[in-house]
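Q: Residue numbers (full-length UniProt numbering): 1 to 396. Yeah, the Cβ is synthetic: ideal placement off N, Cα and C, and Gly gets one too. Everything numeric in this text was worked out from a predicted model, so none of it was measured. The structure under discussion is supplied below as structure tokens; questions concerning it will follow.
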Ligand SMILES: CCCC/C=C/CC(=O)SCCNC(=O)CCNC(=O)[C@H](O)C(C)(C)COP(=O)(O)OP(=O)(O)OC[C@H]1O[C@@H](n2cnc3c(N)ncnc32)[C@H](O)[C@@H]1OP(=O)(O)O
């Protein structure tokens, strides 16, 4: 029956060429009820048919069949059609449902239809509001898990077998998820990683996918994407919090300077090995890091590639607070749940006030860093370092 039900749903959807809910629109079927005595009931019936089109949740095939049967009974009376063949699954299921109503009077069928739609409308409304406390998963992403709960949208990098390295597709997904989070009804947004790493930064294999225009075109496209990616962080309107569950490398470290708070496990490390890779800083770190930690400490990280422990990063102001790994998740999420209950507008406006004066500067820095990197990617230093990693001759 599950197979028939599936086909039934697909068939009805296809025939309507619209969303599953719109299979209920029955546009070609008109009511031919007449007489003033029936007027009110007919209005209710027509309203119910319109309500069906607005249902937010697909009620399932069993209910769809019931609605179909009641509709036919209400408009045509008892089933008088020849029984479809045994292999005509869909029409047979519909015929069976209608025939099962026997000699139910039209008025009763109409009333039952109205009652059924009314019960569906109220349950669809309550389920669309979401169950309190339920972790509601949102749009599907290939490399992210995005959920909303307790006023917090959580964007989790989800390529644990690649240490959450950020592929080209993942850059796009992160931008989409941040844009969606900026408009949803959550009060704060959290970025974190699945598995032992927060993220190992740019996926070095991104540079192996060369378009027809060659490496120059690849560098150009990458610079545009990088600039858009970092702009999304600069413009993010709500409190943006990083929950750094493990080591962070490259762009996943530099962008931390654009977050409003950074909580780290004591297992996390912070590493920007740009010189080792023949690269230069991005994510506005050339501006934010010297501001946060002073130029000398920023030089150690951004030019000499010094890896910081979580406690060192905290001492230098890049990390807000460090937690023991054993209690990290519990402590951080308890705190974030409390913060998420603070007044939403007040938090947004405070962020605007804090960041406004820097925004223009940050966009200019981002544009400059992206353009410098566009040339770096074409350098021998960078190409050799990337090839060494990909051919397994080097690791950080
Ligand atoms: C277009 C915008 C560009 C913006 C530019 C940003 C600059 C940066 O982000 S620079 C930073 C780039 N990242 C790296 O250089 C890290 C490279 N990875 C490593 O050195 C090591 O993998 C590691 C130290 C992160 C982890 O080492 P570990 O021994 O624990 O694990 P592995 O066996 O090496 O990793 C598992 C698996 O994942 C692959 N992988 C990990 N990180 C990356 C990465 N960044 N890019 C591509 N692939 C990565 C690794 O190769 C392993 O794959 P295999 O199982 O197939 O060997």
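Span of the beta strand (DSSP E) holding residue 242?
A: 240–244
Q: Between the region 212–225 and the region 252–270, do three or more beta carbon pairs fall short of 8 Å?
A: no
Q: Residue 148 by DSSP, collapsed to three states: which one?
A: strand
Q: According to the neighbour-count rule (16 or more other Cβ atoms, all chains shown, within 10 Å of its Cβ), is residue 87 buried or exposed?
A: Per the 10 Å Cβ criterion, exposed.
Q: Just tell me which of 200, 202, 301 and 147 has its CA closest to the CA of residue 178.
A: 147
Q: With DSSP collapsed to three states, give me the class of residue 83.
A: coil
Q: Could you tell me whether the region 273–284 touches the region 313–320, using the rule of 3 or more Cβ pairs below 8 Å?
A: With a cut-off of 8 Å, the region 313–320 and the region 273–284 do not count as touching, because too few Cβ pairs lie within range.
Q: Give the straight-line distance between the Cα atoms of residue 164 and residue 69, rounded to the nearest whole angstrom.
A: Distance between the alpha carbons of residue 164 and residue 69: 52 Å.
Q: Any idea what DSSP makes of residue 113, helix, strand or coil?
A: helix
Q: Taking 7 Å as the cut-off, is the beta-carbon of residue 61 closer than that to any non-hydrogen atom of ligand 1?
A: no
Q: Report the CB separation of residue 300 from residue 306 in whole angstroms; it is logged as a contact under 8 Å.
A: Indeed they touch by this definition, with Cβ atoms about 4 Å apart.
Q: Starting from the Cα of residue 66, find the closest Cα among 116, 89, 295 and 317 and give me that residue.
A: 116
Q: Terminal residues of the continuous beta strand (DSSP E) containing residue 263?
A: 261–265
Q: Bridge partners of residue 271, per DSSP?
A: 249
Q: By Cβ distance below 7 Å, which residues in the same chain neighbour residue 262 in space, the five residues on each side in sequence not counted?
A: 242, 244, 256, 318, 319 and 320
Q: Straight-line CA distance for residue 114 to residue 45?
A: Answer to the nearest angstrom: the Cα atoms are 6 Å apart.
Q: Closer than 6 Å between the C-beta and any heavy atom of ligand 1: which residues qualify, listed along the chain?
A: Listed along the chain, these residues meet the criterion: 162, 163, 165, 200, 201, 202, 203, 204, 205, 206, 222, 225, 226, 249, 250, 251, 277, 279, 282, 389, 395 and 396.
Q: Once DSSP output is grouped into helix, strand and coil, what is the label at residue 157?
A: strand
Q: Buried or exposed for residue 374, going by 16 or more other Cβ atoms inside 10 Å?
A: buried
Q: I need the DSSP call for residue 279, collapsed to helix, strand or coil.
A: Reduced to three states, the DSSP call for residue 279 is coil.
Q: Any contact of the region 192–206 with the region 151–161, i.e. 3+ C-beta pairs under 8 Å?
A: yes
Q: Which term fits residue 364, buried or exposed, when burial requires 16 or more other beta carbons within 10 angstroms of its beta carbon?
A: When all chains shown are included, residue 364 counts as exposed.
Q: Exposed or buried, residue 342, counting other C-beta atoms within 10 Å across all chains shown (16 or more means buried)?
A: With fewer than 16 Cβ atoms within 10 Å of its Cβ, residue 342 is classed as exposed.
Q: Are the CB atoms of residue 73 and residue 106 nearer to each other than 8 Å?
A: yes
Q: To the nearest angstrom, report how far apart residue 454 and residue 48 are at their CA atoms.
A: With the chain running from 1 to 396 in the structure shown, residue 454 is simply not present.
Q: Report the rounded CA-to-CA distance for residue 103 versus residue 75, giving the unit in angstroms.
A: So the two alpha carbons sit approximately 13 Å from each other.
Q: What does residue 188 pair with, by DSSP beta-bridge criteria?
A: 152
Q: How big is the Cα-Cα spacing for residue 171 and residue 219?
A: 15 Å
Q: Going by DSSP in three states, residue 67 sits in which element: helix, strand or coil?
A: Three-state DSSP puts residue 67 in a helix.
Q: In whole angstroms, what is the alpha-carbon distance linking residue 186 and residue 396?
A: 37 Å
Q: Just reading off the alpha helix (DSSP H) that residue 369 is part of, what are its end residues?
A: Unbroken alpha helix (DSSP H) run through residue 369: 344–376.
Q: Can you tell me which of 381, 393 and 377 puts its alpha carbon nearest to the alpha carbon of residue 208?
A: 377
Q: What residue range does the beta strand (DSSP E) around residue 322 cover?
A: 321–323
Q: From what residue to what residue does the alpha helix (DSSP H) around residue 205 run?
A: From DSSP, residue 205 is part of no alpha helix (DSSP H); its letter is neither H nor E.
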